[in-house]
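Asks:
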Amino acid sequence: MTEIDAKRNIKMKVVMFPWLGHGHISPFLELAKKLSTKNFQIYICSTPINLNPIKNKIIDCNSSIELIELTLQSSSQLPPHYHTTNGLPPHLMKTLTKALQFASSKFSDIIDSVSPDLIIYDINLPMVPKLAAAYQIPAVHFLTSGAAALSYMFRLIKKLQAPFPSTSVFLKNSELIKMYETHKGGDGQEDDEGRVFDCITGTEDILLIKSSRKMEGKYLDCLSMLLNKKIVPVGSLVQDVHVNDQQNNDEEDIMKWLNQKDASSTVYVSFGTESYLSRKEVLELAYGLELSNVNFIWVLKFPGGEKALEVLPEGFLERAGDKCRVIEGWAPQAKILRHSNIAGFVSHCGWSSVMESLSFGVPIIAIPLQNDQPLNARLAVELGFGLEVEKDEKVEFGREEVARVVKQVVVEKGGETMRKKAQQLREEMEVRGEEETDRAVEELKTLVQNNRAK
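For what it's worth, our numbering labels the leading residue of the sequence shown as 9, then goes sequentially.
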């Protein structure tokens, strides 16, 4: 073996810093798995409460993925079990973000310990590219949101007149107002806009993105033009269902119940780990599902820890009977979505949920709540595998509209057309997936090799 060949066989060490939400850690983990098979040694850094659930998911990676704990300062307001966005009360989101900003020295310690060749980092972590520059380590921003939403938002925030490639992907005035009120910084705290732009401008000349050219080609081009960066899609990055934990009794009961239903007769209802319905919205959704008369699995949780029986309409579970299963807490989402008896996914349209639904060929019944979700919902509609539950002038949805859209997807002929479209997109993305991964790997290797040659 020549000296050049030997150098090529040396594993490239990559430190990954995802944001503290499941919808971010999961795609980082899936990207790590792909890179670990391409001569990369990966170190994923996060808080203990975020790392514990993924420890058993890297057992088969032959030590090519390691987990490094990032310890944040705890307080009575932010104890260790709140060092994650999963189950975090919404009013503590800024507190968690601030705690992470104050952990710069911990990031430095990790970099000193690992001496990585490359850093891949997430949103809300503007200190990471600055640290990387100080250490003269290339840093690449990994975008876990979609290109359509990101390019739309960038144009909006920067007040750019550049053309946008769609008239069907947009935000209503009421959604814009809600977004502004939610994210405006206060009390001298750096606002969300600033953190986002610091992360983007601090990256190398490329950005990785959880997307596919088959799905978002024109939006990837738009984003590349707006940011003046090369945008490299890495696919849907959905977890292989065979990697899921061994079934517990509750999971076994759900899958047994689903097995007994007719093909394409059931909807799965979930609003992710960070979005919560109000009590009024829970009631309207419950009555809407009841009016639709279809089978459903509903994952229901509340930021205050309330129980489903305290919020659902009186007698709802008794009337639904064997047509429903209500899950409080975690559900085997991937296993449920891939099941042939699932006809649709009632979703808030977080990007990970949209990609997961599409990866299993399941149409989206969209009830977006905040942030990029309305844009993701309208992209799904534009691509032909989604229908949106319309809201009134008060930005509220009603039970009749929920029932109408659910029946349209599950019962009517249009639903079958949507399922075929979702399956078609899934197959086309699978064909392109390996090619996109290989391109991303080559881009990252070139970055590292060029930096080593300096």
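Glycine included, each C-beta is placed from N, C-alpha and C at the ideal position.
Measuring CB atoms only, is the region 397–417 touching the region 371–383, in the sense that at least three cross pairs come out at less than 8 Å?
Replies: Judged by Cβ distances under 8 Å, the region 397–417 makes contact with the region 371–383, as three or more pairs qualify.
Asks: Consult DSSP for Q169 and reduce its assignment to one of helix, strand or coil.
Replies: In the sequence shown, residue 169 corresponds to position 161, counting from 1. Correct three-state label for Q169: coil.
Asks: In chain order, what residues of the same chain have a beta carbon less than 6 Å from the beta carbon of K331, not counting five sequence neighbours either side?
Replies: Sequence index remark: in the sequence shown, residue 331 carries index 323 (1-based). Once the five neighbours on either side are set aside, the close Cβ partners of K331 are N303.
Asks: Go through the region 315–354 residue by residue and report every complete run of the beta strand (DSSP E) that reaches 3 residues or more, in order.
Replies: Complete beta strand (DSSP E) runs here, min 3: 332–335.
Asks: What does a CB cutoff of less than 8 Å around L235 pick up in its chain, not counting 5 residues either side in sequence?
Replies: Numbered from its first residue, the sequence shown carries residue 235 at position 227. For L235, where only same-chain residues beyond five positions count, the Cβ hits under 8 Å are F162, I208, L215.
Asks: Would the region 308–322 and the region 333–345 be scored as touching if the rule is three or more Cβ pairs under 8 Å?
Replies: Yes, they touch.
Asks: Looking only at its chain, what residues have a beta carbon closer than 6 Å to the beta carbon of D380, apart from the 5 residues adjacent to it on each side?
Replies: Translated into the one-based positions of the sequence shown, residue 380 becomes position 372. So the qualifying residues of the chain are S153, A157.
Asks: Find out if the Cβ-Cβ distance for the pair F393, I372 is shorter than 8 Å.
Replies: Your numbering for residue 393 matches position 385 in the sequence shown. Your numbering for residue 372 matches position 364 in the sequence shown. Yes, these two residues count as a Cβ contact at 8 Å.
Asks: Does DSSP put T274 in a helix, a strand or coil?
Replies: In the sequence shown, the residue the question calls residue 274 occupies position 266. It is a strand residue.
Asks: With distances taken Cα to Cα, identify the nearest neighbour of F115 among V148, I76, I131, K269.
Replies: By one-based count along the sequence shown, residue 115 stands at place 107. For the residues V148, I76, I131, K269, the minimum Cα distance to F115 belongs to I76.
Asks: Please go through the same chain and pick out, in chain order, the residues whose beta-carbon is closer than 7 Å to the beta-carbon of A448, but skip the five residues on each side of it.
Replies: Position 440 of the sequence shown, counted from the start, is the residue given in the question as residue 448. Once the five neighbours on either side are set aside, the close Cβ partners of A448 are L216, V240, V242.
Asks: Start and end of the beta strand (DSSP E) containing G394?
Replies: Locating residue 394 in the sequence shown gives position 386, where the first residue counts as 1. Per DSSP, G394 belongs to the beta strand (DSSP E) from 394–396.
Asks: Looking at the secondary structure, which residues open and close the alpha helix (DSSP H) in which E404 lies?
Replies: For the purposes of this step, residue 404 is taken as residue 396 along the sequence shown, with counting starting at 1. Counting along the chain, E404 falls outside any alpha helix (DSSP H), and DSSP gives it neither H nor E.
Asks: Taking just the CA atoms, how far does D229 sit from G313?
Replies: Position 305 of the sequence shown, counting from 1, holds the residue named residue 313. Position 221 of the sequence shown, counting from 1, holds the residue named residue 229. G313 and D229: Cα-Cα distance of roughly 43 Å.
Asks: On a Cα-Cα basis, can you pick out the residue from G441, S300, K65 that is closest to K415?
Replies: Walking along the sequence shown from the start, residue 415 turns up at place 407. That would be S300, whose Cα lies nearest to the Cα of K415.
Asks: How do the region 22–38 and the region 117–132 stand: do at least 3 beta-carbon pairs fall below 8 Å, yes or no?
Replies: Touching, yes.
Asks: According to the neighbour-count rule (16 or more other Cβ atoms, all chains shown, within 10 Å of its Cβ), is L168 buried or exposed?
Replies: Residue numbering aside, residue 168 sits at position 160 when the sequence shown is read from its first letter. Result: exposed.
Asks: So, with DSSP's three-state summary, where would you put P124?
Replies: One-based indexing of the sequence shown puts residue 124 at position 116. In this structure, P124 counts as coil in the three-state DSSP scheme.
Asks: If you pair each beta-carbon of the region 107–122 with each one of the region 79–93, do three or more pairs fall below 8 Å?
Replies: Judged by Cβ distances under 8 Å, the region 107–122 makes contact with the region 79–93, as three or more pairs qualify.
Asks: Do Y51 and V136 come within 8 Å of each other at the CB atom, strictly closer than that value?
Replies: Locating residue 136 in the sequence shown gives position 128, where the first residue counts as 1. Locating residue 51 in the sequence shown gives position 43, where the first residue counts as 1. Against a cut-off of 8 Å, the Cβ pair of Y51 and V136 comes out as no contact.
Asks: Could you please give the first and the last residue of the uninterrupted beta strand (DSSP E) stretch that includes A40?
Replies: Here residue 40 refers to the residue found at position 32 when the sequence shown is read from its first residue. Counting along the chain, A40 falls outside any beta strand (DSSP E), though it belongs to the alpha helix (DSSP H) covering 30–44.
Asks: According to the Cβ coordinates, are V290 and L320 closer than 8 Å?
Replies: By one-based count along the sequence shown, residue 290 stands at place 282. By one-based count along the sequence shown, residue 320 stands at place 312. Yes, these two residues count as a Cβ contact at 8 Å.
Asks: Just to confirm my understanding: we take T55, look at its own chain, exclude 5 residues before and 5 after, and list those with CB closer than 8 Å. What are they?
Replies: On the sequence shown, position 47 is the one that residue 55 refers to. So the list reads L28, E77, L78, T79, L80, P88, H91, T92, once near-sequence residues are dropped.
Asks: Whose C-alpha, out of L231, E282, R203, K138, is nearest the C-alpha of P173?
Replies: Here residue 173 refers to the residue found at position 165 of the sequence shown. The shortest C-alpha separation from P173 is found at L231.
Asks: Can you tell me where the beta strand (DSSP E) with C53 in it begins and where it stops?
Replies: Numbered from 1 along the sequence shown, position 45 holds the residue referred to as residue 53. From DSSP, the beta strand (DSSP E) with C53 extends over 48–54.
Asks: State buried or exposed for S182, treating a residue as buried only when at least 16 other CB atoms are found within 10 Å of its CB.
Replies: Taking the sequence shown and counting its residues from 1, one reaches residue 182 at position 174. S182 should be labelled exposed.
Asks: Taking P241 as part of the beta strand (DSSP E), name the residues at either end of that continuous run.
Replies: For the purposes of this step, residue 241 is taken as the residue at position 233 of the sequence shown. Start and end: 238–241.
Asks: Between the C-alpha atoms of L179 and P382, what's the straight-line distance to the nearest angstrom?
Replies: The count along the sequence shown starts at 1 and reaches residue 179 at position 171. The count along the sequence shown starts at 1 and reaches residue 382 at position 374. C-alpha separation (whole angstroms): 7 Å.
Asks: Which residue from R440, E298, W359, G329 puts its Cα closest to that of E408?
Replies: The residue labelled residue 408 in the question sits at position 400 within the sequence shown. The option with the nearest alpha carbon to E408 is E298.
Asks: Does DSSP put L179 in a helix, in a strand, or in coil?
Replies: In the sequence shown, counting from the first residue as 1, residue 179 sits at position 171. Here L179 sits in coil by DSSP.
Asks: CB-CB under 6 Å to T454, same chain, minus the five flanking residues each way: which ones, in chain order?
Replies: What you label residue 454 is simply residue 446 of the sequence shown in a count that begins at 1. Nothing listed; no residue qualifies.
Asks: Between the beta-carbon of C53 and the beta-carbon of I145, is there less than 8 Å?
Replies: As a first step, residue 53 must be located in the sequence shown, where it is residue number 45. As a first step, residue 145 must be located in the sequence shown, where it is residue number 137. No, they are not a contact pair.
Asks: Are the beta-carbon atoms of K343 and M263 separated by less than 8 Å?
Replies: Here residue 343 corresponds to residue number 335 of the sequence shown, with the count starting at 1. Here residue 263 corresponds to residue number 255 of the sequence shown, with the count starting at 1. Yes, the Cβ-Cβ distance between K343 and M263 is below 8 Å.
Asks: Here's the rule: buried if 16 or more other CB atoms are within 10 angstroms of the residue's CB, otherwise exposed. What is K421?
Replies: As a first step, residue 421 is located in the sequence shown; it is residue number 413 there, counting from the start. K421 comes out exposed.
Asks: Would you tell me roughly how many angstroms separate the C-alpha atoms of L245 and D206, rounded to the nearest one?
Replies: Working through the sequence shown from its first residue, we reach residue 245 at position 237. Working through the sequence shown from its first residue, we reach residue 206 at position 198. Roughly 25 Å between the two C-alpha positions.
Asks: Can you tell which of P134, N459, E292 has the C-alpha that lies nearest to the C-alpha of R412?
Replies: Within the sequence shown, the letter at position 404 stands for residue 412. It is E292.
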